[in-house]
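Student: Just so we're aligned, residue 852 is where the sequence shown starts under the numbering used here, counting upward by one.
Glycine included, every Cβ here is placed at the ideal spot set by N, Cα and C.
Remember, it's a predicted structure, so these values are computed and weren't measured experimentally.
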Amino acid sequence: MSEHFSEEELSHSEYAIRHDLWNKPDKESLENLERLAEQVLEPIRKEITRPIYITSGYRTKEINSSVGGSPNSQHMKGQAVDTVCPGVPLLQYYNRIKRMVALNELIVDQVIFEFGNWVHISYISSHNRNEFLIATKRSGQTVYMSDSILPENP
Ligand SMILES: [Zn+2]
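Following this line, the structure appears as structure tokens:
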């Protein structure tokens, strides 16, 4: 789909593999995944000079609800992937992306520091919001908040 990201990586789902579920993106989702890879993931990879690992990419509606994704999750449209950058502490990885956006080197829709475990990155065809958030669990519910409580330079 792009130099460093294959369709398999962009639609990777641990859950789908474990439960042997069909998880193939449709044409529109494929286009969105390609756009996300070209416009966002490749520039981040180039800046960080390390591989980015997709822990959860495209999800069918069924898989999305099974893994507790939001009912209008951008994962179902191929507009979002959850990522880590092996060898780089998660907060440092998140802050590198944030700095690229601050320097106008990158446009994103949402970048979310999720549960301290991965960084959710999304991109849409127009009106991207350049929004940075933290997601935490409170009594089983996902709560989104401003990332101002995170340290800028870990
Ligand atoms: Zn996500």
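The alpha helix (DSSP H) with Glu865 in it runs from where to where?
Tutor: Start and end: Glu865 to Arg869.
Student: In this structure, how does DSSP classify Ser999 when only helix, strand and coil are distinguished?
Tutor: Three-state DSSP puts Ser999 in a helix.
Student: Just list the alpha helix (DSSP H) runs in the stretch 885-956, keeping only unbroken ones of 4 residues or longer that don't cross its boundaries, in chain order.
Tutor: You should have 893-899, 912-917 and 941-953.
Student: Quick check: does the Cβ of His971 come within less than 6 Å of any heavy atom belonging to ligand 1?
Tutor: Yes, the beta carbon of His971 sits closer than 6 Å to at least one heavy atom of ligand 1.
Student: For the beta strand (DSSP E) holding Leu984, just list the boundary residues, first then last.
Tutor: It spans Glu982 to Arg989 - the beta strand (DSSP E) in which Leu984 sits, taken as one unbroken run.
Student: For Glu965, which three-state DSSP category applies?
Tutor: Reduced to three states, the DSSP call for Glu965 is strand.
Student: Taking the beta carbon of Gly991 as the centre, do at least 16 other beta carbons fall within 10 Å, making it buried, or is it exposed?
Tutor: So Gly991 counts as exposed.
Student: Spell out the partners DSSP gives Ile972 in its beta bridges.
Tutor: Looking at the DSSP assignment, Ile972 forms a beta bridge with Val932 and Val962.
Student: For Arg910, does the count of other Cβ atoms within 10 angstroms reach 16, so buried, or fall short, so exposed?
Tutor: With 16 or more Cβ atoms within 10 Å of its Cβ, Arg910 is classed as buried.
Student: Give every residue of the same chain whose Cβ lies closer than 7 Å to the Cβ of Phe856, excluding the five residues on either side of it in the sequence, and list them in chain order.
Tutor: Answer for Phe856: Ala888 and Leu892, listed in chain order.
Student: Which residues in the same chain as Met951 place their Cβ atom closer than 8 Å to its Cβ, once the five residues preceding and following it in sequence are excluded?
Tutor: Taken in chain order, the residues that qualify are Pro894, Ile895, Glu898 and Leu957.
Student: Among the candidates Ser977, Asn979 and Ile972, whose CA atom is the shortest distance from the CA of Ile985?
Tutor: Nearest C-alpha to Ile985: Ile972.
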